[in-house]
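Asker:
Protein chains: 2
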Amino acid sequence: MPQPPAPRKTLGRPPRISREEVVTTARRIVDTEGVDRLTMRRLATEIGSTPMALYHHVRNKDELLVLLLNDYATRTLHRPELPAQPRERIVVAAATIHGALAVCPWIVEVLTADDLMATSALWFVEQIVDGLVECGLSPERAVHGYRAIWYYTAGEIVVRVTAARRRTEDDRPTYREQVFADLDPSELPRLAQVADHWAPLTAEDTYLDGLRALVDGLLAPR
Amino acid sequence: MPQPPAPRKTLGRPPRISREEVVTTARRIVDTEGVDRLTMRRLATEIGSTPMALYHHVRNKDELLVLLLNDYATRTLHRPELPAQPRERIVVAAATIHGALAVCPWIVEVLTADDLMATSALWFVEQIVDGLVECGLSPERAVHGYRAIWYYTAGEIVVRVTAARRRTEDDRPTYREQVFADLDPSELPRLAQVADHWAPLTAEDTYLDGLRALVDGLLAPR
DNA sequence: GCAAGTTTTTATACATGTAAGGAAAATAGC
DNA sequence: GCTATTTTCCTTACATGTATAAAAACTTGC
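Respectively, the protein sequence lines represent chains A and B. Note that the first sequence covers residues 1 to 222 in our numbering. Note that the second sequence covers residues 1001 to 1222 in our numbering.
1. Counting Cβ pairs closer than 8 Å, one from the region 1057-1068 of chain B and one from the region 1079-1091 of chain B, do we hit at least three?
2. Which residues mark the beginning and the end of the alpha helix (DSSP H) in which S1120 (chain B) is found?
3. For the region 179-195 of chain A against the region 130-145 of chain A, do three or more pairs of beta-carbon atoms, one drawn from each stretch, fall closer than 8 Å, so that the two count as touching?
4. Check the Cβ of H98 (chain A) against every Cβ in chain B and list those closer than 8 Å, keeping chain order.
5. Give the range of the alpha helix (DSSP H) segment to which I207 (chain A) is assigned.
6. Let's test the definition: count the other Cβ atoms within 10 Å of the Cβ of L1208 (chain B) and tell me whether it reaches 16, buried, or not, exposed.
7. Are Y1152 (chain B) and L1132 (chain B) closer than 8 Å when you measure CB to CB?
8. Compute the distance between the beta-carbons of L1101 (chain B) and L214 (chain A), then report whether it is under 8 Å.
9. Quick one: residues in its chain with C-beta nearer than 7 Å to the C-beta of D1071 (chain B), no 5 flanking neighbours on either side, listed in chain order?
10. Give a yes or no on whether the minimum CB-CB distance between L191 (chain A) and chain B is below 8 Å.
11. Should A1064 (chain B) be labelled buried (16 or more other beta-carbon atoms within 10 Å of its own) or exposed?
12. Counting only Cβ-Cβ distances shorter than 7 Å, please list the residues of the region 1064-1089 of chain B near chain A, keeping chain order.
13. Does any CB atom of chain B fall closer than 8 Å to the CB of D216 (chain A)?
14. Terminal residues of the continuous alpha helix (DSSP H) containing Y72 (chain A)?
15. Excluding the five sequence neighbours on either side, which residues of its own chain have a C-beta within less than 7 Å of the C-beta of P105 (chain A), listed in chain order?
16. Taking the alpha carbon of V92 (chain A) as the reference point, which residue from A:V125, A:T119, A:V108, A:V66 has its own alpha carbon closest?
17. Is V103 (chain A) buried or exposed, if buried means 16 or more other CB atoms sit within 10 Å of its CB?
18. Taking C-beta pairs closer than 7 Å, name the residues in chain B that H56 (chain A) reaches, listed in chain order.
19. For W123 (chain A), go through chain B and note every residue whose CB falls closer than 9 Å to its CB, in chain order.
20. Distance cutoff 8 Å, beta carbons only. Does T1206 (chain B) sit that close to anything in chain A?
21. Within the same chain, show all residues whose beta-carbon is closer than 7 Å to that of I1047 (chain B), passing over the 5 residues directly before and after it, in chain order.
22. Which same chain residues, not among the five before or five after I1097 (chain B), have their C-beta less than 8 Å away from its C-beta?
23. According to DSSP, is P1015 (chain B) part of a helix, a strand, or is it coil?
24. With DSSP as the reference, label P1004 (chain B) as helix, strand or coil.
25. May I ask you to report which of helix, strand or coil DSSP gives E109 (chain A)?
26. Taking any Cβ of chain A, which residues in the region 1150-1165 of chain B have a Cβ under 9 Å from it, in chain order?
27. Just tell me which of A:P51, A:H56, A:V66, A:R13 has its CA closest to the CA of V35 (chain A).
28. For R1041 (chain B), collect the residues of the same chain with a Cβ closer than 8 Å to its Cβ; drop the 5 residues on either side in sequence, then sort them by chain order.
29. Which bits of chain B does G210 (chain A) rub up against, with CB to CB less than 9 Å?
30. Is it buried or exposed for Q965 (chain B), if we count other Cβ within 10 angstroms and need 16 for buried?
31. When the Cα atoms are used, what is the spatial distance from H1056 (chain B) to V108 (chain A)?
32. Going straight from the alpha carbon of G155 (chain A) to that of G12 (chain A), what length do you get?
33. Considering just the uninterrupted stretch of the alpha helix (DSSP H) at Q193 (chain A), what are its terminal residues?
34. Starting from G1099 (chain B), trace the alpha helix (DSSP H) both ways and give me its first and last residue.
35. Alpha carbon to alpha carbon, how far is L1038 (chain B) from R1166 (chain B)?
Right, dumping it as structure tokens:
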């Protein structure tokens, strides 16, 4: 026979939903219907509650998205075999984070939030900082180096994703196309020279090249 | 005596407000009261019209912000004396853009929009691409190099600004502080080592250092 | 002058995030 | 059992961006 629930230690009305349930349900909605469908009301009805009840488990929608990102990172960001050579280790660690985030376009709102501080991502940060130190940087410079790598990585994702988003929700010619069509070759010769190839050029994925360049530059003797 | 207005050529009901007026008024609101106060309703009453009328001159609020950014860039982004040496020219051009954007925190929503394509900024892009070519890169690689610089620059601004924003609207301890307090030194020794200095370290402005490293790396022989 | 067509403006309506205040459900002290 | 206290939940309300449809103010062709 069912034990009466052990006497509660906590004060106040017992919660009917948990932060975890909120996040899990939100994840299901995002996974199955896309992040656009994730509204507080929708989430509330899905969970059998009311919108404002969610706000006792999540500070606001932004925080919910951060939690979703952490959840996502924890589940999909597995530690790869890293090369022994520190420079290459840095590159692979950064590229792994980048790869995991790049396929998850809804994070843009959140990405900018803070540096990636999901516990699962910290290991990668450690690898990067450690690699930089092993290559001769002081711990302080190594942290700055990691920050630079993070700026570059986050910037790449944010710019690329929002550009893509804007392209889909928009059939009119891009402002960019417009501008490149009216380029004055005598004023801006280089841009005029590459104007025709600009779109395909900037569509190429050169994250790794840029990352390598940045790491090389960070490690080069001053 | 006032000439009767020349017979209009355009069809349809004559506009009572112009795109320019919309942007100018929006700018005034942003300048005097901050970007938070810029709402479509507020803008409409300020301009003596109705919210939906604005949508005939501006596709949506996002586009309005893009226009504001362009307007801002056109007014404040003046061409500096650039060094003759191409490498340094790249750095100064990028740093100038960065400096102009960094003081203008409300652009974050927009920055991610696309690359900076205000006509006034194109000159800087030209300088960067040209500098890279002068240093021996092919035009294609130069464009990719510019993109890397832009990713880094935009990422730095976005991350820094939103981190600052979150700090002000939030008095609870940061997630980051939380995480760094619970660091396991045996698992993440480097991070534990710098944990105490993390906040001040990441608060330092190291944009230029990172930029130099990136440019160095882009120009290093492969 | 009138009908048709075109562009701008207005009125109305809806979805969304979330603030404010009160109701509900538990414990603790009496 | 009763009251105070604490925590969670619910109801209501508001500001905001913007979709939709109709009205208004023009030009053009007749």
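From the three backbone atoms N, C-alpha and C, an ideal C-beta is built for every residue, glycine too. The structure presented is a predicted model; accordingly, all values stated were derived computationally and were not measured.
Answerer: Put simply:
1. no
2. 1119-1134
3. no
4. None at all; the shortest Cβ gap to chain B is about 11 Å.
5. Residue 207 (chain A) is actually Tyr in this sequence, not Ile. Run containing Y207 (chain A): 207-219, per the alpha helix (DSSP H) assignment.
6. exposed
7. no
8. no
9. V1023, R1027
10. yes
11. It should be noted that the sequence gives Leu, not Ala, for residue 1064 (chain B). The residue is buried, with at least 16 neighbouring Cβ atoms inside 10 Å.
12. none
13. yes
14. 61-76
15. V161
16. A:V125
17. exposed
18. Here the premise fails: no neighbours, minimum Cβ distance about 15 Å.
19. E1187, L1188
20. yes
21. I1017, E1021, V1022, T1025
22. L1077, L1116, A1121, F1124, T1153
23. coil
24. In this prediction, P1004 (chain B) has a pLDDT of 46, which is less than 50 and means its spatial position is unreliable; what the coordinates show is noted afterwards. Residue state, collapsed to three classes: coil.
25. helix
26. W1150, Y1151, Y1152, T1153, A1154, G1155, E1156, I1157, V1158, V1159, R1160, V1161, T1162, A1163
27. A:V66
28. P1051
29. H1144, G1145, R1147, A1148, I1149, Y1151, Y1152, L1214, G1217, L1218
30. No answer is possible for residue 965 (chain B): it lies beyond the span of chain B, which begins at 1001 and ends at 1222.
31. 29 Å
32. 45 Å
33. 189-194
34. 1086-1102
35. 20 Å
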